[in-house]
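Colleague: Before we start, here is the structure in question, set down as structure tokens.
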Amino acid sequence: MEGEKSYLEDSTGSEEACGVRTTREPLSVESRKNRGRQLDYLLERTGFGTYHVFLLVVCGVALASDSVEVSSVSFVTPVLDNNNNDTDRGGVHPTKFQSGALDSIIFLGMMFGGYFWGSLADIVGRRSCLVSSLIINGLFGLASSLSPNFAWFMVFRFGSGFGVGGSVPIVFSYFSEFFSSKYRNTLIIGLASFWTVGRLYASFVAWIVIPQTFSFHLGHMLVTSWRIFLALCTLPSFLSALAIVFMVESPGFLFYKGKALKVRKVLNRVSSCQIRFTTHRPRSESTDGREYDEIISSISAADNSINNALSVNRRDIGQKIKVVWSATVELFKRSYVRPTVVMIIVNFTLSFGYYGLVLWFPEYFKYIECHKNDNHNHSIADVTDCGSNSDDNKIYLDNLYVSLATIPGIVFGLLSIKFLGSKVLLAISMVVSALSTFAIWGVPKEVDYILLLSCIFTGFSTIGWIALDVIIPELFPVHLRSTAFGMLSAIGRIGSIIGILLFGRLITVSPYLPVLIVAALLIFGGLAVFIIPEKRKLPVSRLCHCILTVIRNYCKRGPPLSSYERLND
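full-length UniProt numbering applies: residue 1 is where the sequence shown begins, and numbers increase by one.
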């Protein structure tokens, strides 16, 4: 049909046929705010229903797959470090320094992948980039389970990280652009909770599979339990990529690209293929329906300079590089420089502290199990010298408990974010996480104490990541959101790499030095959050404002006069 043909043709003429303006002038800040309100209206009119629930599950599995890949190597490292059992290592023989590099190589891939995929998603679309990054993640993860030696193992883990680095920022942008502000924050927290699901999956599979002693030859390669574990870790990536292929592009992305016909078709498909739990899409003859159609027909074909550059030649690689650079530069202009800098600080400090500790927990639990019956004071540097004396089942069970500790953090985040706000919640979580790191070295070196503090640290760190995932979409507009997510993810990966390498190096010098650094950075990042302006006055914000006003008036005027003093006065 003619209407369908015009939809499939991605041309300016098809947009003009729908009454779309084709002006090439960049929109002002006020115009963009108005466009944001229009998009929010369209999404709210579409309602919330079964399609959105399915979207949450699919995007959640995609995010869980990234969590699995990030945490999987930390469960394999104790096996590869087992110097007394060469069979378990399956032909991969890393040194102690190489084991530290193995933990950080995936973050190096994520650093490059985050910026590359995030920027590309702002140009060509969220869905295609998300599917591509998930497939790359799965393929390289599967290849790493078949690595013949340590060098190839490092190469494949880097490739897996390159895919993970893309899917993490894109999945939040893609998911959040299906919802109005009425539902967005709560549902982003729901999506972020799937990171915990991924870690639980990795912990559970590691507990079941890795302690097994079976092995067999596949050609010249020795297949052991850790290889099976890594292969099982790729299942979420492939499953989520397959599901997203059958889903629609983000309506928010299409809206800001000025693709009126595609916006209408996406919203109609979302409305027609679900059982709605909230507002129905208004009929076209109603007042709301006319406003709905007026907004659709008024979508600009050229929203900003990025779209203008893209429309000149979609296949010009040099032009696309300029587009990516212009989006990055815009993040540091006056309108966005303060939130950008603060988010860089927060992402770096939280990644440094979280991954510096969490990826080290399996090794530390192994050290404690190895020396729990010794009467000697061993150096913490002996953490990788335990051989095979430790109880592998107990080690992986302890890590499963640490992963379960994220569930209370998610529940607390869901219940408190509307009252506290994402900013205050992020600050509190980072400060409490910092305090728990101090306590790790102040308690007896016994599994129960360390396990409890590890759970506290992991739980409150999870709250911080949830709050951070809510803040970023609020701070940056749609046309910069994936670029911002990608750049901030890259900064976070740098913090993760430095944290892992520095923690492993300093821990041999003094057990207190890395903890002081981690705690200080977490507190600094938590306090930096308050520089960000509050988007809306929440109950806790109003309460703090009233308290500060009373204190300020008290300091200026002194205490209020008593009744007797007022009479004498």
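We put the CB at the ideal spot given by N, CA and C, even for glycine.
Determine the contact status of ALA519 and CYS455, defining contact as a CB-CB distance below 8 Å.
Modeller: Position 519 of the sequence shown, counting from 1, holds the residue named residue 519. Position 455 of the sequence shown, counting from 1, holds the residue named residue 455. No.
Colleague: Relative to the C-alpha of PRO148, which residue among ILE471, ILE450, VAL223, VAL70 is closest?
Modeller: Numbered from its first residue, the sequence shown carries residue 148 at position 148. Selected option, being the one with the closest Cα: VAL223.
Colleague: Along the beta strand (DSSP E) that carries THR224, what are the first and last residues, could you check?
Modeller: Locating residue 224 in the sequence shown gives position 224, counting from the first residue. It spans 221 to 224 - the beta strand (DSSP E) in which THR224 sits, taken as one unbroken run.
Colleague: Check whether the Cβ atoms of GLY109 and PHE175 lie closer than 8 Å to each other.
Modeller: As a working mapping, residue 109 is identified with position 109 in the sequence shown. As a working mapping, residue 175 is identified with position 175 in the sequence shown. No; because the gap between Cβ atoms is not below 8 Å, this pair is not in contact.
Colleague: Quick check on DSSP: helix, strand or coil for LEU218?
Modeller: Along the sequence shown, read from residue 1 onward, the residue named residue 218 stands at position 218. Residue state, collapsed to three classes: strand.
Colleague: For SER145, which of ILE410, PHE179, GLU69 has the nearest alpha-carbon?
Modeller: What you label residue 145 is simply residue 145 of the sequence shown in a count that begins at 1. Ranking the options by Cα distance to SER145, first place goes to GLU69.
Colleague: Quick check: the Cα distance between ALA206 and ARG505, rounded to an integer number of angstroms?
Modeller: For this step, residue 206 is matched to residue 206 along the sequence shown. For this step, residue 505 is matched to residue 505 along the sequence shown. Those two C-alpha atoms are separated by around 27 Å.
Colleague: Using only the alpha-carbon positions, how far apart do PHE485 and THR349 sit?
Modeller: Taking the sequence shown and counting its residues from 1, one reaches residue 485 at position 485. Taking the sequence shown and counting its residues from 1, one reaches residue 349 at position 349. Near 16 Å, if we compare the C-alpha coordinates of THR349 and PHE485.
Colleague: Can you tell me whether ALA434 is buried or exposed, with buried defined as 16 or more other CB within 10 angstroms of its CB?
Modeller: On the sequence shown, residue 434 is found 434 positions in, with the first residue counted as 1. Buried, since its Cβ has 16 or more Cβ neighbours within 10 Å.
Colleague: So what's GLY163 in DSSP terms, helix, strand or just coil?
Modeller: Counting from one through the sequence shown, the residue named residue 163 turns up at place 163. In the structure shown, GLY163 sits in a helix (DSSP, three-state: H, G or I).
Colleague: Would you call SER160 buried or exposed, if buried means 16 or more other Cβ atoms sit within 10 Å of its Cβ?
Modeller: Looking up residue 160 in the sequence shown gives position 160. It counts as buried.
Colleague: Might you give, ordered along the chain, the residues of its own chain that have their beta carbon closer than 7 Å to the beta carbon of ILE167, omitting 5 neighbours on each side?
Modeller: For the purposes of this step, residue 167 is taken as residue 167 along the sequence shown, with counting starting at 1. In the sequence on display, residue 167 carries Ser and not Ile. The answer, listed in chain order, is ALA62, ASP66, LEU130, SER133, LEU134, ASN137.
Colleague: To the nearest angstrom, how far is it from the Cα of LEU235 to the Cα of GLU249?
Modeller: Numbered from its first residue, the sequence shown carries residue 235 at position 235. Numbered from its first residue, the sequence shown carries residue 249 at position 249. Computed Cα separation, rounded: 23 Å.
Colleague: Using a threshold of 8 Å, state whether the C-beta atoms of ILE410 and ILE466 are closer than that.
Modeller: Counted from its first residue, the sequence shown places residue 410 at position 410. Counted from its first residue, the sequence shown places residue 466 at position 466. Yes, Cβ-Cβ distance for ILE410 and ILE466 is below 8 Å.
Colleague: Please check the pair LEU39 and LEU191, which I expect to be a contact at CB under 8 Å, by giving their CB distance rounded to whole angstroms.
Modeller: Counting from 1 along the sequence shown, the entry for residue 39 is found at position 39. Counting from 1 along the sequence shown, the entry for residue 191 is found at position 191. Going by Cβ atoms, the distance from LEU39 to LEU191 rounds to 19 Å, so no, they are not a contact pair.
Colleague: Going by beta-carbon coordinates alone, are LEU475 and GLU330 separated by less than 8 Å?
Modeller: On the sequence shown, position 475 is the one that residue 475 refers to. On the sequence shown, position 330 is the one that residue 330 refers to. For LEU475 and GLU330, no; Cβs fall outside 8 Å.
Colleague: Excluding the five sequence neighbours on either side, which residues of its own chain have a C-beta within less than 7 Å of the C-beta of PHE216, listed in chain order?
Modeller: As a first step, residue 216 is located in the sequence shown; it is residue number 216 there, counting from the start. Answer for PHE216: VAL223, listed in chain order.
Colleague: Taking buried to mean at least 16 other C-beta atoms within 10 Å of its own C-beta, is ASN268 buried or exposed?
Modeller: By one-based count along the sequence shown, residue 268 stands at place 268. Looking at its Cβ environment, which holds fewer than 16 other Cβ atoms inside 10 Å, ASN268 is exposed.
Colleague: For SER240, collect the residues of the same chain with a Cβ closer than 7 Å to its Cβ; drop the 5 residues on either side in sequence, then sort them by chain order.
Modeller: Numbered from its first residue, the sequence shown carries residue 240 at position 240. Result list for SER240: VAL58, VAL61, ALA62, SER65, LEU134, in chain order.
Colleague: If you drop the 5 nearest sequence neighbours on each side, which residues of the same chain put their C-beta closer than 8 Å to that of SER104?
Modeller: Reading the sequence shown from its first residue, position 104 is the one you call residue 104. Within the same chain, SER104 has close Cβ partners SER496, ILE497, ILE500, LEU501.
Colleague: Measure from the alpha carbon of LEU426 to the alpha carbon of each residue in LEU527, VAL79, ARG127, ALA151, then state which is nearest.
Modeller: The sequence position of residue 426 within the sequence shown is 426, counting from 1. Ranking the options by Cα distance to LEU426, first place goes to LEU527.
Colleague: Answer with buried or exposed for ASP448, where buried requires no fewer than 16 other C-beta atoms within 10 angstroms of its C-beta.
Modeller: Within the sequence shown, numbered from 1, the residue matching residue 448 stands at position 448. Burial call: exposed.
Colleague: Could you tell me the distance, in whole angstroms, from the CA atom of LEU400 to the CA atom of ILE123?
Modeller: Along the sequence shown, one-based indexing puts residue 400 at 400. Along the sequence shown, one-based indexing puts residue 123 at 123. Each residue's alpha carbon lies about 40 Å from the other.
Colleague: Rounded to whole angstroms, what's the CA-CA distance from PRO26 to PHE48? Just pull it up for me.
Modeller: If you number the sequence shown from 1, residue 26 lands on position 26. If you number the sequence shown from 1, residue 48 lands on position 48. With a pLDDT of 45 at PRO26, under the threshold of 50, the modelled position of that residue is not reliable, and the figure given next carries that caveat. About 32 Å.
Colleague: Spatial neighbours of THR328 within its chain, please: C-beta separation below 8 Å, excluding the five flanking residues on both sides.
Modeller: Position 328 of the sequence shown, counted from the first residue, corresponds to residue 328. Answer for THR328: SER119, THR483, MET487, listed in chain order.
Colleague: Are TYR336 and VAL478 touching if we call contact CB-CB under 8 Å?
Modeller: Here the question's residue 336 lines up with position 336 in the sequence shown. Here the question's residue 478 lines up with position 478 in the sequence shown. Against a cut-off of 8 Å, the Cβ pair of VAL478 and TYR336 comes out as no contact.
Colleague: Thinking C-alpha only, which one of PRO211, PHE253, LEU200 is nearest CYS233?
Modeller: On the sequence shown, position 233 is the one that residue 233 refers to. It is LEU200.
Colleague: Using DSSP with H/G/I as helix, E/B as strand and the rest coil, what is VAL470?
Modeller: Position 470 of the sequence shown holds residue 470. If DSSP states are grouped into helix, strand and coil, VAL470 belongs with the helices.
Colleague: Mapping the DSSP letters down to three states, classify CYS59 as helix, strand or coil.
Modeller: Sequence index remark: in the sequence shown, residue 59 carries index 59 (1-based). Looking at CYS59 - three-state DSSP - the assignment turns out to be helix.
Colleague: Hey, would you say ALA243 sits closer than 8 Å to ILE170, going by beta carbons?
Modeller: Here residue 243 refers to the residue found at position 243 when the sequence shown is read from its first residue. Here residue 170 refers to the residue found at position 170 when the sequence shown is read from its first residue. No. Outside cutoff.
Colleague: What span of residues does the alpha helix (DSSP H) with PHE204 cover, start to end?
Modeller: Residue mapping note: residue 204 aligns to position 204 of the sequence shown, counting from 1. Counting along the chain, the alpha helix (DSSP H) containing PHE204 begins and ends at 194 to 209.
Colleague: Could you name each continuous alpha helix (DSSP H) segment of 4 residues or more that falls completely within the stretch 110 to 176, going from the start of the chain to the end?
Modeller: If we require 4 residues or more, the alpha helix (DSSP H) runs fully inside the stretch 110 to 176 come out as 126 to 144, 150 to 176.
Colleague: Measure the C-alpha to C-alpha separation of GLY219 and SER461 and round it to an integer number of angstroms.
Modeller: Working through the sequence shown from its first residue, we reach residue 219 at position 219. Working through the sequence shown from its first residue, we reach residue 461 at position 461. Answer to the nearest angstrom: the Cα atoms are 44 Å apart.
Colleague: Just the C-alpha distance for GLY492 and MET111, rounded to the nearest angstrom, thanks.
Modeller: By 1-based counting over the sequence shown, the position of residue 492 is 492. By 1-based counting over the sequence shown, the position of residue 111 is 111. Each residue's alpha carbon lies about 8 Å from the other.
Colleague: Run through DSSP, which three-state label would VAL68 get?
Modeller: As a working note, residue 68 is residue 68 in the sequence shown. Reduced to three states, the DSSP call for VAL68 is helix.
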